[in-house]
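Going by my numbering, the sequence shown opens with residue 369, and the numbers climb by one from there.
Heads up: the structure comes next, in C-alpha cells.
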Amino acid sequence: MRFNSRVLYYIEKNIYFKTVKEVYGSSTILVKPEVIIKGMSGHAGTTPMDKRKDALVGASEFILAVNRIAKEIGDGTVGTVGQLSLTPNASNVIPGYVNLSLDIRSTKEDNIKAFYNRLIEESEYIKSKYHIDIQITHNLYIQPVNMSDKNIALMEKVCQKLGYTYMRMNSGAGHDAMIMAKMAPSSLIFVPSKAGLSHHPDEWTDYEDIEKGIALMLNTVLELCKYE
C-alpha cells in the first residue's frame, strides 16, 4: 500500500442505477450475514405433509420476510438474498439443509439494527411454524464512508461551469473509493444507466453521458492540480 503522502486525491467514475445526471456523495452501511436453515431430509413420496421439516419451505418464507421488512423500514433500506444452496438437492428428496446469502444496506445504522431485530423475530416464528432451525451469522459489516466535501464542492462548481445538471446522492453500492478514502480525500462521479440497469446484459449508458462524466473528472483533476 502506498503512503498517504503520495496520494493527494482519489476520484472514481461509475454508473448510477437511476435515471439522474451527475451524482456523488457517501456510501451505505453494508451487512452480509450467512443464514443456515436446518430441517430434515425425507422421501418426497412417503413423508406426510404434516410430518415434514422442509428447510426450503422455511427458507422461502424467510426470503419473503427479508423483502417485506426492507419495504416496511423504507428510507432507502434494501435487503437481498442473492445466493441459495440446498442439500441433498435431489428432485425426490425433501431439502434438509439450506444455506443462503443475505445483503442488507442502509445509510442509517438504526435501520440496520431494526432490520436485524425484525429478522430475528421472523426467524423465531418460522422455526416454530416449520419445526426447523435457523442460524444467522455475521460475516461482514462495513461502515459508511463519507466522500470529500472539498472535492464534491469543487465538482459542483465544475458542473456549473460546464452547464451540467447534477445532484448529491448516497451510493448503495461498494466502490474502491471506500478504501481509498482512508488514504486521501476521495469522491465518486456517477453517470446514469438506462432504466437504472446494472449487472445486467442490457445495461447501457449513453455516450453523451459518458463524455460528460469524463469531462467532469478531467476538469476536476485540472482544478485540483492548481492547489498543489
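For each residue, glycine too, the CB sits at the ideal point set by N, CA and C.
- Excluding its 5 nearest sequence neighbours in each direction, His499 has C-beta neighbours in its own chain below 7 Å: Lys421, listed in chain order.
- Taking C-beta atoms as the reference points, Gly450 and Asp471 count as a pair closer than 8 Å.
- Excluding sequence positions up to five before and after Tyr377, its CB lies within less than 7 Å of the CB of Asn519, Ala552, Pro553 and Leu592, all in the same chain and listed in chain order.
- Here Gly447 is not near Gly407, since their CB atoms are 8 Å or more apart.
- Boundaries of the beta strand (DSSP E) around Ile557: Ser554 to Pro560.
- Contact between the segment 408–416 and the segment 516–536 is absent: fewer than 3 CB-CB pairs across the two stretches fall below 8 Å.
- Residue burial annotation: Asp577 is buried, with at least 16 other C-beta atoms found within 10 angstroms of its C-beta.
- For Met523, the enclosing alpha helix (DSSP H) has its first and last residue at Asp517 to Leu530.
- Inter-residue distance for Thr475 and Gly410 is about 43 Å (C-alpha atoms, whole angstroms).
- Nearest in C-alpha terms to Ala438, of all of Lys481, Met515, Ile462 and Ile404, is Lys481.
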